[in-house]
Each structure stands twice: as structure tokens, then as C-alpha cells.
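Visitor: One structure, as C-alpha cells, below. Some questions next.
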């Protein structure tokens, strides 16, 4: 908002919970935050409603990871996490290398997945998959943490190694 000359006080915040597309399509709200890039616009398009996405990274928010595997540093089994992420990487490689075959496998797991929305979302998800899901970019985390501090959402920053574990690194 701020980068576009709009103050928070100039808008009305409406809690729509997870009903993002219906709230937009019905006119209950003019915009939402937290929409998935692969679903809401597709759902609206299927319903014949135009939408527009504002990409947060183009609006001043530093790049960040959407899905992070969380484990308790004190009780986690680093080898299990490492092998899980290796399997995730292999699965991602297969999905990216064989998008049609992997879609067929995915949709066969539940009848309700085989619809236009999920088919479109599948295609839109592929370029967003991390090809190296175990990779840890400490600089990226530090930049995001600094952004949160500058925005007044954190009091202090910490060393990235305090809140991350590089499961691929040697102990």
C-alpha cells in the first residue's frame, strides 16, 4: 500500500478467512492478501471474473520461501530430514521433467482433483517449485529478517544459524 501512496487508515480491513476468491467475485472486498498464485486467479477466470495479481516481490517485499519444513533442532533426526528432502528433490525433478505424466499420477489419487481448476493450478505450480528444496540461502533469510525488523515486526535480528539448520552440511 505504502509504495503506492495508500495509507492503511484509508482502507477497511475485512476478515474473509480463507474465502478469498468468493469474496472477490461477490464484491465483498476489492483485494486480498495471501492468495495462492496458482489458484485464486484461475478460479476467478473459470467463473468469468477478471482478476489481477500484485506480486509482493515487485512491491518491495524481499523474496521468501513459501513452504519451509520445520523440525525441532533439539529432537530432530537430521538424517531423516535429509533423506526426506532428497526424496522431495527427486519428486520435484520428476514432476518438472514429466509434467503430463506427473499430473496423471496426481489426479489419480482422488477423483475430485481431476477438474479444470486443479489442472490449471498444476501447470502454474510447476515453475514455482524449488529444484533444490534442501538448499539454504542464509543471505535471503537475513534480508527477510532485516525487512521484518525495519517494518517494526521484529525487535531485533539474529544470526540465521540460530533459527535454521542446513541438513546438507556436514556436522
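Numbering (the numbering used here), first residue to last: 205 to 375. Quick reminder that beta carbons are idealized off the backbone N, C-alpha and C, glycines included. All figures in this text were calculated on a predicted structure; none of them were measured in a lab.
Output yes or no for whether 8 Å exceeds the beta carbon distance between residue 325 and residue 221.
Guide: Locating residue 325 in the chain shown gives position 121, where the first residue counts as 1. Locating residue 221 in the chain shown gives position 17, where the first residue counts as 1. Contact: no.
Visitor: Within 7 Å: the Cβ of residue 347 and any heavy atom of the ligand GTP?
Guide: Inclusion of the ligand GTP in the displayed structure is not the case, the ligand content being empty and no account of it being possible.
Visitor: When you compare the CB positions of residue 369 and residue 277, do they come within less than 8 Å of one another, or not?
Guide: Looking up residue 369 in the chain shown gives position 165. Looking up residue 277 in the chain shown gives position 73. In this structure, residue 277 lies closer than 8 Å to residue 369 by Cβ.
Visitor: For residue 351, which residues of its own chain have a beta-carbon under 8 Å away from its beta-carbon, when the five flanking residues on both sides are left out?
Guide: Stepping through the chain shown from its first residue, residue 351 is reached at position 147. Closer than 8 Å at Cβ, skipping near neighbours: 265 and 266.
Visitor: Taking the alpha helix (DSSP H) that residue 279 falls in, what are its first and last residues?
Guide: Numbered from 1 along the chain shown, position 75 holds the residue referred to as residue 279. Taken as a continuous stretch (DSSP letters only), residue 279 belongs to no alpha helix (DSSP H), as it is neither H nor E.
Visitor: Under 8 Å by Cβ, that's how I've got residue 364 and residue 345 pegged, so tell me the actual separation to the nearest angstrom.
Guide: Locating residue 364 in the chain shown gives position 160, counting from the first residue. Locating residue 345 in the chain shown gives position 141, counting from the first residue. About 5 Å; that satisfies the 8 Å criterion.
Visitor: For the region 236-252 against the region 294-314, do three or more pairs of beta-carbon atoms, one drawn from each stretch, fall closer than 8 Å, so that the two count as touching?
Guide: No, the region 236-252 is not in contact with the region 294-314.
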